[in-house]
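Novice:
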Amino acid sequence: MVQMELMEEFDPSIPVTLPHENVYLIQVGYKLYRFSGASLSSDSPSYFTNFFTNPQNAEKVLYIDRNPQVFEKIFSHLQGYHIDVDDAHEYVYLWSDSYYFGLRRLQKILDSEFTFACIGNQSFKIPKQLLARTNNYPNYFSINFDSLLSDNRKIIQSKSMIRPPPQRPPMASTRSSKLFADLLEALKGNDSIVKDDQHRQLLLRECRYYRFLELEQRLLKHELVNNPFTKEQEIVLNLLDLQQRGVSSISKGIHDEHALRYTRPYMIKEKERSLIVQVNSEAGSTCKLSINRDAHLVSFVCTGKLANSFHSVFGSFAKDLSLAHQTEVHGQGTDKFVIFCGLSNATTKLNGQELKDDWFFDWFKHPDEPSSKKRKASEDGHIEDELAEVPLTKSLWRVLVRGDRCRFHAVSLVGYSNQAAFNKSIVML
């Protein structure tokens, strides 16, 4: 974590490196500067004081082939003024010159207050306190800038150079300056900058690029729910936004069933909460309920990207969720995830209509019904065959664990029984 140095209490005393009352001349480019010994001594030892402490140079003019516009800030600094850096390029010029001239107090000020970068076509001044003591550090800027400036510092200090090597600030010319400005607002605590889901996804992509890991977790779409029946706070998160490192189990054995818990990674002082997983349909993946009418059992079935996510996030917390178990049941190379699930007390919307709480009992076969082949549910929601499948577009689940065994329990389901019913949900542009 960045060691953010707090600005020390100002010490008005100035060492007597040079006689304070003397005047020294420094020619920078086309401009001549007159310094008092006190000004030059205020940030010493330095290239300037080393030159003028030599008795042979005391009355000489020190010629420096540098930009006077940049040197104006150094002049103000040595006179005791606080300097304000305007943009990323000026920062790099000042930084290079501060090391070249050995101005350690100026180096400390430049290193501790702000990070500068060019994003898109705009220069940004980023307060380091926004990133200090958070898991947004190290990030794109600290890694890039620290490496860049460290190499430059070594070159300046190890070689006798006429001038510092050319340098430019960290640049991300292909990124959006508008999105980065939104990220800075979010870093200040203003989450209201998120306009819609599309904007959120763009911001999350930028967070990953700049390695703002804590901010990314904070901006993920989520819902906090205070459950009055369990007296616990629950968090709703999308399956694809979960990381295995955030999942934990509090089950103490086969007779102790609890929902898996989740702590958003990288967030400092984040509270552990009971997890509710949202599963949305994805291109190339299927997500459905499989209802065995004979056995009166319901399974939750996923394939493709969704199945892989379930394996990677939850596979180590229960035997039923592991890839090895799923492979043993469904065969090597099968891209499938199947788990028994409960539906009681779940809100279910089928073909746009909300079903009663115990709707699934009507789908179970009674003992006097004959056996028949597998078929999908009919349009009116009634089925007559042994196995019914209900494709789901959205669903919420609690992952309940007992020892090394697991089952899912539905919180909310949205599905369609056939293509005609699904077509009704598609709106024209």
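The sequence shown lines up with residues 25 to 453 when you count with this note's numbering.
Where a beta carbon is used, it is the ideal one built from N, C-alpha and C, also for glycine.
#1: Are the beta-carbon atoms of Glu238 and Thr327 separated by less than 8 Å?
#2: Where does Arg192 sit, in a helix, a strand or coil, going by DSSP?
#3: Can you tell me where the beta strand (DSSP E) with Gln302 in it begins and where it stops?
#4: With a CB to CB cut of under 6 Å and the five nearest residues on each side skipped, what residues in its chain are close to Leu244?
#5: May I ask you to verify whether the stretch 248-266 touches the stretch 213-223, counting CB pairs closer than 8 Å and requiring at least 3?
#6: Please list the terminal residues of the continuous beta strand (DSSP E) segment that includes Thr454.
#7: Could you check whether the stretch 296-303 touches the stretch 359-370, counting it as contact only if at least three pairs of C-beta atoms, one from each stretch, sit closer than 8 Å?
#8: Do Gln225 and Arg288 come within 8 Å of each other at the CB atom, strictly closer than that value?
#9: Ordered along the chain, which non-local residues of its own chain (more than five positions away) have a Cβ less than 6 Å from that of Met195?
#10: Name the DSSP bridge partner or partners of Asp110?
#11: Go through its chain and collect everything with a Cβ distance to Ile186's Cβ below 8 Å, but skip five positions before and after it.
#12: Please state whether DSSP places Ser197 in a helix, a strand or coil.
#13: Under the three-state reduction of DSSP, which class applies to Gln241: helix, strand or coil?
#14: Assign Val337 to buried or exposed, taking buried as 16 or more other Cβ atoms, counted over all protein chains shown, within 10 Å of its Cβ.
#15: Return helix, strand or coil for Leu211, following the three-state DSSP convention.
#16: What residues match up with Cys430 in a beta bridge as DSSP calls it?
#17: By the 10 Å Cβ neighbour count, where 16 or more other Cβ atoms means buried, how is Val438 classified, buried or exposed?
#18: Using CA atoms only, rank isn't needed, just tell me which of Arg199, Leu228, Leu49 is closest to Ala210.
#19: Mapping the DSSP letters down to three states, classify Gln350 as helix, strand or coil.
#20: What are the partner residues of Arg58, as DSSP defines its beta bridges?
#21: Contact defined as beta carbons within less than 8 Å: I believe Phe169 pairs with Thr139. What is the distance between those atoms, to the nearest angstrom?
#22: Tell me where the alpha helix (DSSP H) around Ser136 begins and ends.
#23: Whose CA, out of Tyr234, Asp381, Ser323, Lys373, lies closest to the CA of Ala445?
#24: To the nearest angstrom, report how far apart Pro415 and Met291 are at their CA atoms.
#25: Ignoring anything shorter than 4 residues or poking outside the stretch 326-350, list the alpha helix (DSSP H) runs there in chain order.
#26: Could you tell me the alpha carbon to alpha carbon distance between Ser63 and Ser122, rounded to whole angstroms?
#27: Note down the Cα distance separating Ile150 from Ser441, rounded to an integer number of angstroms.
#28: By how many angstroms is the C-alpha of Phe324 removed from the C-alpha of Pro252?
#29: Which residues bound the beta strand (DSSP E) around Tyr87?
#30: Alpha carbon to alpha carbon, how far is Thr310 from Ile278? Give it in angstroms, no decimals.
#31: Assess contact between the stretch 50-66 and the stretch 112-122, defined as three or more Cβ pairs (one per stretch) separated by less than 8 Å. Is contact present?
#32: For Gly308, collect the residues of the same chain with a Cβ closer than 8 Å to its Cβ; drop the 5 residues on either side in sequence, then sort them by chain order.
Specialist: A quick look at the data gives this:
#1: Note that the C-beta distance between Glu238 and Thr327 is not below 8 Å.
#2: coil
#3: That run of the beta strand (DSSP E) goes 297-304.
#4: Asp265
#5: no
#6: This structure leaves residue 454 out entirely; the chain is present only between 25 and 453.
#7: no
#8: no
#9: Cys142
#10: DSSP output for Asp110 lists no bridge partner at all.
#11: Asp89
#12: Here Ser197 carries a coil assignment [DSSP, helix/strand/coil].
#13: Note: Gln241 maps to helix in three-state DSSP.
#14: That one is buried.
#15: helix
#16: Val425
#17: buried
#18: The residue among Arg199, Leu228, Leu49 with its C-alpha nearest the C-alpha of Ala210 is Leu228.
#19: helix
#20: Leu49
#21: 6 Å
#22: 128-137
#23: Lys373
#24: Taking the straight line joining both Cα atoms gives about 35 Å.
#25: 328-338
#26: 15 Å
#27: 53 Å
#28: If you take the alpha carbons of Pro252 and Phe324, they lie about 27 Å apart.
#29: 85-88
#30: The straight-line gap from Cα to Cα measures roughly 31 Å.
#31: no
#32: Gly328, Lys329
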